[in-house]
Amino acid sequence: MDEEAAAQARLTRSRLAADGVVGLALSVVDNAGIARTKTIPLRRLDEAVRHGVGMSPVFDVFLADDSITDSRYVGGPDGDLRLFPDLERAVPLAAQPGWAWAPADRYAQDGTPHPCCQRLFARRMTERARARGLSLLAAYEVEWILRRPDGTDPAEGGPAYGLRRFTDLSDYLRDLLQALEAQGLDVQQIHPEYAAGQFEVSVAAEGPVAAADSTVLVRQTIRGVSARYGLRASFAPSFAGDGVGNGAHLHLSAWRDGGNLMTGGRGPYRLTAEGESFLAGVLDALPALLALGAPGPAGHLRLVPSQWAGAYQCWGSENREAALRLVSGHSANAEVKCFDGAANPYLALGGTIAAGLAGVDAAATLPAEVSGDPALLPSPPPRLPESAADALDAFSGSTVLREALGEPLYEAVRAVRRAEIALFADQSPARIAEATRWRY
Ligand code: GLU
Ligand code: MG
Numbered sequence: 017m018d019e020e021a022a023a024q025a026r027l028t029r030s031r032l033a034a035d036g037v038v039g040l041a042l043s044v045v046d047n048a049g050i051a052r053t054k055t056i057p058l059r060r061l062d063e064a065v066r067h068g069v070g071m072s073p074v075f076d077v078f079l080a081d082d083s084i085t086d087s088r089y090v091g092g093p094d095g096d097l098r099l100f101p102d103l104e105r106a107v108p109l110a111a112q113p114g115w116a117w118a119p120a121d122r123y124a125q126d127g128t129p130h131p132c133c134q135r136l137f138a139r140r141m142t143e144r145a146r147a148r149g150l151s152l153l154a155a156y157e158v159e160w161i162l163r164r165p166d167g168t169d170p171a172e173g174g175p176a177y178g179l180r181r182f183t184d185l186s187d188y189l190r191d192l193l194q195a196l197e198a199q200g201l202d203v204q205q206i207h208p209e210y211a212a213g214q215f216e217v218s219v220a221a222e223g224p225v226a227a228a229d230s231t232v233l234v235r236q237t238i239r240g241v242s243a244r245y246g247l248r249a250s251f252a253p254s255f256a257g258d259g260v261g262n263g264a265h266l267h268l269s270a271w272r273d274g275g276n277l278m279t280g281g282r283g284p285y286r287l288t289a290e291g292e293s294f295l296a297g298v299l300d301a302l303p304a305l306l307a308l309g310a311p312g313p314a315g316h317l318r319l320v321p322s323q324w325a326g327a328y329q330c331w332g333s334e335n336r337e338a339a340l341r342l343v344s345g346h347s348a349n350a351e352v353k354c355f356d357g358a359a360n361p362y363l364a365l366g367g368t369i370a371a372g373l374a375g376v377d378a379a380a381t382l383p384a385e386v387s388g389d390p391a392l393l394p395s396p397p398p399r400l401p402e403s404a405a406d407a408l409d410a411f412s413g414s415t416v417l418r419e420a421l422g423e424p425l426y427e428a429v430r431a432v433r434r435a436e437i438a439l440f441a442d443q444s445p446a447r448i449a450e451a452t453r454w455r456y
């Protein structure tokens with residue numbers, strides 16, 4: 017370890033200790049979308065920065081129910097990886113006094129990057145964009161449904177977006193807002209959402225890896241504050257098997273020379289030609305991207321028409337039923353609406369960037385815009401894959417995502433998708449929802 021890293025470790029350790037931190041939780045998100053952790057005493061931070069913290073590579077083939085599958089390049093009980101915390105993101109957890117959190121990158125014992133590390137994948141795609149002179153800003157919206165341990169709604173049926181629901185949970189929402197901001201998260205909005213006991217928080221756009229890190233931290237903070245109120249938060253795509261679920265909409269804009277490519281051009285809604293090509297690449301890849309962004313069978317219970325989940329492969333300006341919603345104005349961006357909370361945020365973002373760059377390379381153009389609910393049109397645009405198996409087929413046929421992910425990660429993701437499809441085969445929507453409700 018070079019002197020600079022050693023000095024940074026020492027500084028981070030004293031900064032955290034001054035905040036009363038005694039332990040650090042390192043997190044990685046697996047291919048099933050579950051955030052997993054190894055925690056260490058703070059006094060071991062210098063050692064963790066020097067040698068990493070051990071973790072089995074078998075987590076690359078874990079499923080959402082903690083059962084384990086196998087894949088061509090990774091699996092089984094052998095081997096070890098080293099988790100290296102990103103000290104720049106290390107922050108005391110406001111709702112878990114004494115604990116700090118940091119996202120981690122995974123390396124092999126010989127110090128080479130682990131080819132299945134999803135966070136390094138997101139970084140590679142960010143660098144791939146940068147090599148073309150493009151930078152990206154991204155943010156995930158987080159939706160969650162709150163319940164008491166006995167399953168009842170703590171907002172007691174308060175109306176969607178209702179001041180009443182906001183009032184009933186006033187102290188909870190204040191503590192949550194305070195905790196998020198104390199951790200350096202730039203909250204844009206926090207409000208009651210549509211479904212019973214559902215809320216949403218959005219944070220400002222950042223670079224892709226930072227945006228994925230932030231969504232892990234936002235969710236951990238929601239978990240922490242909820243626990244202090246004796247409540248449980250569900251980020252699962254489908255809470256009940258039917259009805260409105262939890263999305264994890266991804267907002268993305270691409271920039272060149274400090275200019276936002278999503279505005280100021282001559283295309284539809286002032287899109288630049290390059291911005292349009294980026295979005296056309298994303299739109300074209302959406303069926304395959306679902307395997308990263310709405311990865312499990314539960315996601316397809318949510319991804320149905322007329323519930324604002326974006327079930328159709330189309331784009332539209334401010335159209336909340338389009339899988340790709342163009343948001344114009346001073347912070348023009350595109351919102352990928354079909355993604356959900358079971359996604360690994362690093363995979364979904366990296367894959368979306370790869371697809372966008374493929375669109376730029378091909379100088380792709382967008383098809384005609386769709387306005388209104390596509391379900392009500394005489395000839396609707398194509399539906400996105402209606403099952404995890406159909407999405408897996410699209411993913412299996414995607415040369416763009418295969419090349420971007422690299423064989424080991426691509427095959428591990430495919431193995432996990434196949435195994436989760438088998439796990440939930442022939443199960444009712446209610447049963448799938450029940451099995452996944454409290455997992456993510
Ligand atoms: N809860 C909806 C979903 O499943 C999204 C509602 C909204 O547009 O914010 O994605
Ligand atoms: Mg929402």
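For the sequence shown, my numbering begins at 17 and goes up steadily by one. In this text, a Cβ means the ideal position worked out from N, Cα and C, and glycines have one as well.
Starting from ASP121 and walking both ways along the beta strand (DSSP E), at which residues does that stretch end?
-> 115-124
Counted within 10 angstroms of its Cβ, other Cβ atoms place TRP160 as buried (16 or more) or exposed = TRP160 comes out buried.
Contact test: GLY263 Cβ vs the ligand GLU heavy atom, cutoff 8 Å | At least one heavy atom of the ligand GLU is nearer than 8 Å to the Cβ of GLY263, so yes.
Do you know how far the Cα of PRO108 is from the Cα of LEU32?
-> If you draw a straight line from the Cα of LEU32 to the Cα of PRO108, it comes to about 7 Å.
Buried or exposed: THR288, going by 16 or more other Cβ atoms within 10 Å of its Cβ?
-> buried
Start-to-end residues for the beta strand (DSSP E) that takes in THR53 = 51-57
By DSSP, does SER395 sit in helix, in strand, or in coil?
-> coil
So what's LEU198 in DSSP terms, helix, strand or just coil?
-> The amino acid occupying residue 198 in the given sequence is Ala; Leu does not appear at that position. Residue state, collapsed to three classes: helix.
Is ALA428 closer than 9 Å to PRO188 when the C-beta atoms are compared?
-> Before going on, a small fix: residue 188 reads as Tyr here, not Pro. It is not a contact, given that the beta carbons lie outside the stated cut-off.
Where GLY413 sits in the DSSP three-state scheme | coil
Is the closest heavy atom of the ligand MG to the C-beta of GLU209 under 8 Å?
-> The ligand MG approaches GLU209 closely enough that one of its heavy atoms is under 8 Å from the residue's Cβ.
Taking the Cβ atom as the reference point for each residue, do SER387 and SER444 lie within a distance shorter than 9 Å?
-> no
Which residues mark the beginning and the end of the alpha helix (DSSP H) in which ARG244 is found?
-> 224-244
Below 8 Å, can you find three or more Cβ-Cβ pairs linking the segment 405-422 to the segment 363-382?
-> A contact is defined here as three or more CB-CB pairs under 8 Å, and the segment 405-422 meets this definition with respect to the segment 363-382.
Under three-state DSSP, which class holds GLU292?
-> helix
Distance between beta carbons of ALA358 and PRO311, contact taken as under 8 Å | Taking 8 Å as the upper bound for CB-CB distance, PRO311 and ALA358 are in contact here, some 5 Å apart.
How many Å lie between PRO73 and TYR156 at the Cα?
-> The alpha-carbon atoms of PRO73 and TYR156 are separated by roughly 27 Å.
Spell out a yes or no on whether the segment 83-101 and the segment 58-71 are touching, meaning 3 or more CB-CB pairs, one atom from each, closer than 8 Å.
-> yes
Kindly list the residues whose CB is nearer than 8 Å to the CB of LEU58, restricted to its own chain and excluding five residues on each side of it in sequence; keep chain order.
-> ARG29, LEU32, ALA33, VAL37, VAL38, GLY39, LEU40, ALA116
Could you say if the segment 293-313 and the segment 360-368 meet the contact criterion of at least three C-beta pairs nearer than 8 Å?
-> yes
What's the C-alpha gap between SER395 and GLY213?
-> Looking at the two C-alpha atoms, the distance is approximately 36 Å.
Within the chosen definition, does the segment 173-181 reach the segment 195-205 through at least 3 CB pairs nearer than 8 Å?
-> Not touching, per the Cβ criterion.
Is it the case that the CB of TRP324 approaches a heavy atom of the ligand GLU more closely than 8 Å?
-> yes
In its own chain, which residues sit with a C-beta less than 6 Å from the C-beta of PHE355, not counting the 5 before and 5 after it?
-> ALA264, LEU266, GLY309, ALA310, ALA364
CB contact flag (GLU216, GLU209, <9 Å) = yes
Helix or strand or just coil, what does DSSP make of PRO108?
-> strand
Which one or two residues does DSSP pair with TYR328 in a beta bridge?
-> Paired residue(s): ALA338, ARG399.
In whole angstroms, what separates the C-alpha of LEU247 from that of LEU192?
-> 13 Å
Helix, strand or coil at ASP76 according to DSSP, with G and I counted as helix = helix
Please find out if some non-hydrogen atom of the ligand MG comes closer than 8 Å to the beta-carbon of GLU337.
-> no
Reducing DSSP to helix, strand and coil, say where HIS267 ends up.
-> The three-state reading of DSSP puts HIS267 in strand, counting E and B together.
Which of the three DSSP states, helix, strand or coil, is assigned to GLY309?
-> helix
Taking three-plus beta-carbon pairs below 8 Å as touching, is the segment 335-346 in contact with the segment 251-259?
-> no
Between which two residues does the beta strand (DSSP E) containing ILE161 stretch?
-> 150-163
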